[in-house]
Amino acid sequence: MAASRRSWSLSLMPPEIIQKIFYKTPAEALVRAKPTCKEWYALLTDETFINEHFNRSKEHFLRIFDTVQIMDPVTTTSSVSPVLDELRQHPYKITSVHPLLVHCDGLMLVGSYMWKCRDDGSRYANLALWNPVLRNIRWIEPSRSITTSDYHGIGYDKNNRNDSYNILRFASRPWEIERYEGDEPKVEIYECKTSSWRTLDVELDMDVNIMPFCVAVMGNMYWIAFRDEEEEEIIRGFDFTDETFKDICLCPTSYVNSHLSCFNGDSLSFLKQDQTSRNIEVWVSSKLGGGDGDVSFSKYFSLSCPDLPALQVQANAARPVYCLVKPKSVIVWCVEVEGKGTDKAFTCCTLYEIDEGGVKSKRETERNYLRDYSSAFRCGYVWVEPAKGITSSDYHGIGYDKNNRSDGYKILRFNSCPWDDVEGYGDAPEVEMYECKTSSWRTLDVELDMDVHIMRICVAVMGCLDGDSLSLLQQDQASGNIEVWVSSKLGGGDVTFSKCFSLSGPVLPALWVDADAASPVYCFVKPKSVSVWCVGVEREGDKVCTCLTLYDINEDGMRTRTVTKRYNVRDYSRAFRCGYVYVPSMIPLPWVRD
Numbered sequence: 014m015a016a017s018r019r020s021w022s023l024s025l026m027p028p029e030i031i032q033k034i035f036y037k038t039p040a041e042a043l044v045r046a047k048p049t050c051k052e053w054y055a056l057l058t059d060e061t062f063i064n065e066h067f068n069r070s071k072e073h074f075l076r077i078f079d080t081v082q083i084m085d086p087v088t089t090t091s092s093v094s095p096v097l098d099e100l101r102q103h104p105y106k107i108t109s110v111h112p113l114l115v116h117c118d119g120l121m122l123v124g125s126y127m128w129k130c131r132d133d134g135s136r137y138a139n140l141a142l143w144n145p146v147l148r149n150i151r152w153i154e155p156s157r158s159i160t161t162s163d164y165h166g167i168g169y170d171k172n173n174r175n176d177s178y179n180i181l182r183f184a185s186r187p188w189e190i191e192r193y194e195g196d197e198p199k200v201e202i203y204e205c206k207t208s209s210w211r212t213l214d215v216e217l218d219m220d221v222n223i224m225p226f227c228v229a230v231m232g233n234m235y236w237i238a239f240r241d242e243e244e245e246e247i248i249r250g251f252d253f254t255d256e257t258f259k260d261i262c263l264c265p266t267s268y269v270n271s272h273l274s275c276f277n278g279d280s281l282s283f284l285k286q287d288q289t290s291r292n293i294e295v296w297v298s299s300k301l302g303g304g305d306g307d308v309s310f311s312k313y314f315s316l317s318c319p320d321l322p323a324l325q326v327q328a329n330a331a332r333p334v335y336c337l338v339k340p341k342s343v344i345v346w347c348v349e350v351e352g353k354g355t356d357k358a359f360t361c362c363t364l365y366e367i368d369e370g371g372v373k374s375k376r377e378t379e380r381n382y383l384r385d386y387s388s389a390f391r392c393g394y395v396w397v398e399p400a401k402g403i404t405s406s407d408y409h410g411i412g413y414d415k416n417n418r419s420d421g422y423k424i425l426r427f428n429s430c431p432w433d434d435v436e437g438y439g440d441a442p443e444v445e446m447y448e449c450k451t452s453s454w455r456t457l458d459v460e461l462d463m464d465v466h467i468m469r470i471c472v473a474v475m476g477c478l479d480g481d482s483l484s485l486l487q488q489d490q491a492s493g494n495i496e497v498w499v500s501s502k503l504g505g506g507d508v509t510f511s512k513c514f515s516l517s518g519p520v521l522p523a524l525w526v527d528a529d530a531a532s533p534v535y536c537f538v539k540p541k542s543v544s545v546w547c548v549g550v551e552r553e554g555d556k557v558c559t560c561l562t563l564y565d566i567n568e569d570g571m572r573t574r575t576v577t578k579r580y581n582v583r584d585y586s587r588a589f590r591c592g593y594v595y596v597p598s599m600i601p602l603p604w605v606r607d
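Under my numbering, think of the first position of the sequence shown as 14, with each following residue one higher.
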């Protein structure tokens with residue numbers, strides 16, 4: 014009777030009140046509720062409501078290992094769901110490969126840097142779009158060629174966003190292209206709207222070495238990269254509206270032991286932890302989105318204290334994820350290993366809140382008796398099928414055209430090094446775009462800068478700050494000190510990084526346990542404070558374990574330390590395969606609409 018009365022009273026509420034209530038309700042709860050009321054169902058499936066709900070949603074941490082876990086970094090409440098059977102049963106199992114992961118508007122683009130063929134010679138899909146909240150997935154139609162250096166991205170045209178999302182494919186290293194046939198395109202776009210690939214007339218800059226860790230902000234892709242000739246560490250971007258590559262700005266500091274993320278939805282954040290002192294610096298960029306001109310980083314805050322945790326236990330450990338919620342404060346979810354060097358080692362996932370006073374809180378969210386640091390924090394994957402030119406050096410990204418966001422999301426693939434030791438230089442595609450609206454790849458007429466090498470494995474963590482800027486977190490390997498750099502806003506001119514803050518102290522945790530450890534994830538909640546989730550190693554007598562640890566670090570050091578999970582593994586890289594700062598959304602996959 015009481016439940017009936019509540020339902021009756023809710024139904025009498027004005028629609029605008031119901032809408033306000035739904036805006037404040039997490040996407041996971043709305044999807045789980047499955048309302049039977051026609052009016053409510055119509056509201057929850059309305060595209061305008063979905064987009065507005067997403068714009069109001071806060072960033073969450075996403076972790077994938079044996080389950081899919083979405084955590085609110087502030088309240089630490091989380092939802093847990095099983096990994097889709099389709100992902101477990103696919104040739105590229107989400108728990109057994111090293112996939113790409115990047116999200117745009119809550120849609121995860123996942124790809125494998127490997128490929129397999131069926132008995133008839135056709136390739137299995139190695140790219141997919143996945144919404145972890147709605148639990149639907151769409152495999153992307155393979156393009157004509159695959160290289161081992163392919164890169165991908167996802168985004169949309171800002172002038173026609175309703176036209177669906179597009180996927181970019183390009184090869185970052187043209188001397189590594191494999192399995193090419195004839196004069197194939199270098200850069201391709203897969204249009205989700207038409208489910209087809211098209212070639213872009215884009216020249217790749219082969220002097221640029223692109224790192225694999227990337228972030229999508231406001232429909233465009235951003236990578237930490239290194240320009241060989243000038244020996245510059247830069248932020249490299251791809252604009253899905255103009256369909257061109259751009260050097261956005263210089264990194265605020267060395268990318269070693271740093272992390273890049275999104276800040277406030279329109280900027281970048283750059284978190285760096287000194288490897289010796291473990292001090293943390295957070296930098297925030299100026300707003301993105303105005304043509305990405307005059308973007309620069311400024312230091313947001315620094316955290317230095319004696320007890321800061323290492324956000325990445327070692328180089329091969331999973332990278333931490335972080336977010337900035339409070340001034341001069343960061344929330345980080347990372348992997349730690351306890352009992353390292355003993356037979357009783359275990360891996361744990363730890364959630365930290367760190368501010369100027371040090372670790373404010375620490376909570377272990379999971380523990381597993383594994384020795385694989387990298388697998389304990391395997392986050393946010395799903396596969397997208399290959400583009401026209403798949404190589405071992407492919408890179409991918411996701412975004413959209415800001416001028417027409419409704420036109421759908423796009424996935425970028427490019428090959429940074431289209432060279433193969435046996436075949437040499439080839440004509441496989443270097444840059445391609447997959448448009449979700451058309452479900453097809455197209456080659457971009459984009460000239461790749463071969464002097465730029467995009468980094469696939471990096472010790473600097475790049476993120477998004479405030480949704481329109483970049484952040485870069487770096488930890489010094491010797492001192493453990495952490496630096497966080499923040500870029501100027503993207504899209505509004507020249508982009509530059511400025512140091513946001515630094516954290517130094519004798520007991521800062523190592524955010525990377527070693528070079529092979531998974532990268533930490535981080536976020537900013539308070540000024541001069543960072544929350545980091547990373548892989549660590551713990552020892553209990555002779556027992557060594559990998560643990561996921563959440564640190565709260567500020568200028569006074571480590572304020573809190575929480576072990577979220579332990580694994581009895583020694584492989585740091587698998588413990589935190591990909592920690593990610595993730596915003597849950599109800600945006601459906603471009604192909605899945607009622």
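The beta carbon of each residue, even a glycine, is placed where N, CA and C say it ideally should be.
Item, Value
"Nearest by alpha-carbon distance to residue 462: which of 215, 425, 36 and 203 is it?", "215"
"Anyone know if the C-beta pair for residue 495 and residue 478 falls short of 9 Å?", "no"
"Work out the CA separation of residue 212 and residue 410 for me, nearest whole Å.", "16 Å"
"So residue 350 and residue 551 are supposed to be a Cβ contact under 8 Å. How far apart are they, rounded?", "6 Å"
"So, is residue 93 buried or exposed, given that buried needs 16 or more other C-beta atoms within 10 angstroms?", "exposed"
"Just to confirm the assignment: which complete beta strand (DSSP E) runs, minimum length 3, are found wholly within the region 258 to 303?", "271 to 278, 280 to 286 and 293 to 298"
"Evaluate the contact criterion for the region 503 to 515 versus the region 324 to 332: three or more CB pairs, one atom per stretch, below 8 Å.", "no"
"Can you tell me whether residue 224 is buried or exposed, with buried defined as 16 or more other CB within 10 angstroms of its CB?", "buried"
"Any idea what DSSP makes of residue 434, helix, strand or coil?", "Reliability of the predicted coordinates at residue 434 is poor, the pLDDT of 38 falling under 50, and the value obtained from them is presented with this limitation in mind. In the structure shown, residue 434 sits in coil (DSSP, three-state: anything other than H, G, I, E or B)."
"By Cβ distance, which residues of its chain are closer than 6 Å to residue 492, with the 5 residues on each side in sequence left out?", "287, 289 and 290"
"Since residue 144 is in the alpha helix (DSSP H), which residue starts that stretch and which ends it?", "Residue 144 -> not in any alpha helix (DSSP H); beta strand (DSSP E) instead, spanning 140 to 144."
"So, at 6 Å on beta carbons, what are the nonlocal neighbours of residue 577 in its own chain, with the 5 sequence-adjacent residues on each side left out?", "362, 363, 364, 377, 378, 379, 561 and 563"
"What is the DSSP secondary structure of residue 148, counted as helix, strand or coil?", "coil"
"Looking only at its own chain, which residues have a Cβ that is under 7 Å from the Cβ of residue 356, when we skip the five neighbours before and after it?", "555, 556 and 557"
"Compute the Euclidean distance between the alpha carbons of residue 240 and residue 220, then round it to the nearest angstrom.", "6 Å"
"Got a sec, what are the start and stop residues for the alpha helix (DSSP H) residue 33 sits in?", "28 to 36"
"What would DSSP say about residue 512, mapped onto helix, strand or coil?", "strand"
"Which of helix, strand or coil does DSSP assign to residue 531?", "strand"
"Per DSSP, what kind of secondary structure is residue 507 in: helix, strand or coil?", "strand"
"Since residue 375 and residue 231 are thought to touch, with beta carbons under 8 Å apart, how far apart are those beta carbons, to the nearest angstrom?", "Contact flag wrong, Cβ pair sits at about 33 Å."
"Going by C-alpha to C-alpha distance, which of 507, 203, 505 and 75 sits closest to residue 449?", "203"
"Buried or exposed for residue 45, please, with buried defined as at least 16 other CB atoms from any protein chain shown within 10 angstroms of its CB.", "exposed"
"Suppose you measure from the CA of residue 170 to the CA of residue 413; what does that come to, to the nearest Å?", "5 Å"
"Taking a contact to mean a Cβ-Cβ separation below 9 Å, would you say residue 344 touches residue 546 in this structure?", "yes"
"If you scan the region 55 to 85 from start to end, which runs of the alpha helix (DSSP H) of 4 or more residues do you find wholly inside it?", "60 to 69"
"Pull up the distance between the alpha-carbon of residue 293 and that of residue 574, whole angstroms please.", "15 Å"
"Where in the region 343 to 386 do unbroken runs of the beta strand (DSSP E), each at least 3 residues long, occur, reported from the N-terminal end onward?", "359 to 368 and 371 to 381"
"In whole angstroms, give me the CA-to-CA distance for residue 523 and residue 339.", "23 Å"
"Specify the secondary structure class of residue 481 as computed by DSSP and reduced to three states.", "coil"
"Is DSSP giving residue 44 helix, strand or coil here?", "helix"
"Should residue 599 go down as buried or exposed, given a rule of 16 or more other Cβ atoms within 10 Å for buried?", "buried"
"Should residue 144 and residue 120 be called a contact, given that it needs their Cβ atoms to be closer than 9 Å?", "yes"
"How about residue 200 and residue 459: are their beta carbons less than 9 Å apart?", "yes"
"Are residue 181 and residue 276 closer than 9 Å when you measure CB to CB?", "no"
"I need the DSSP call for residue 53, collapsed to helix, strand or coil.", "helix"
"Run through DSSP, which three-state label would residue 445 get?", "strand"
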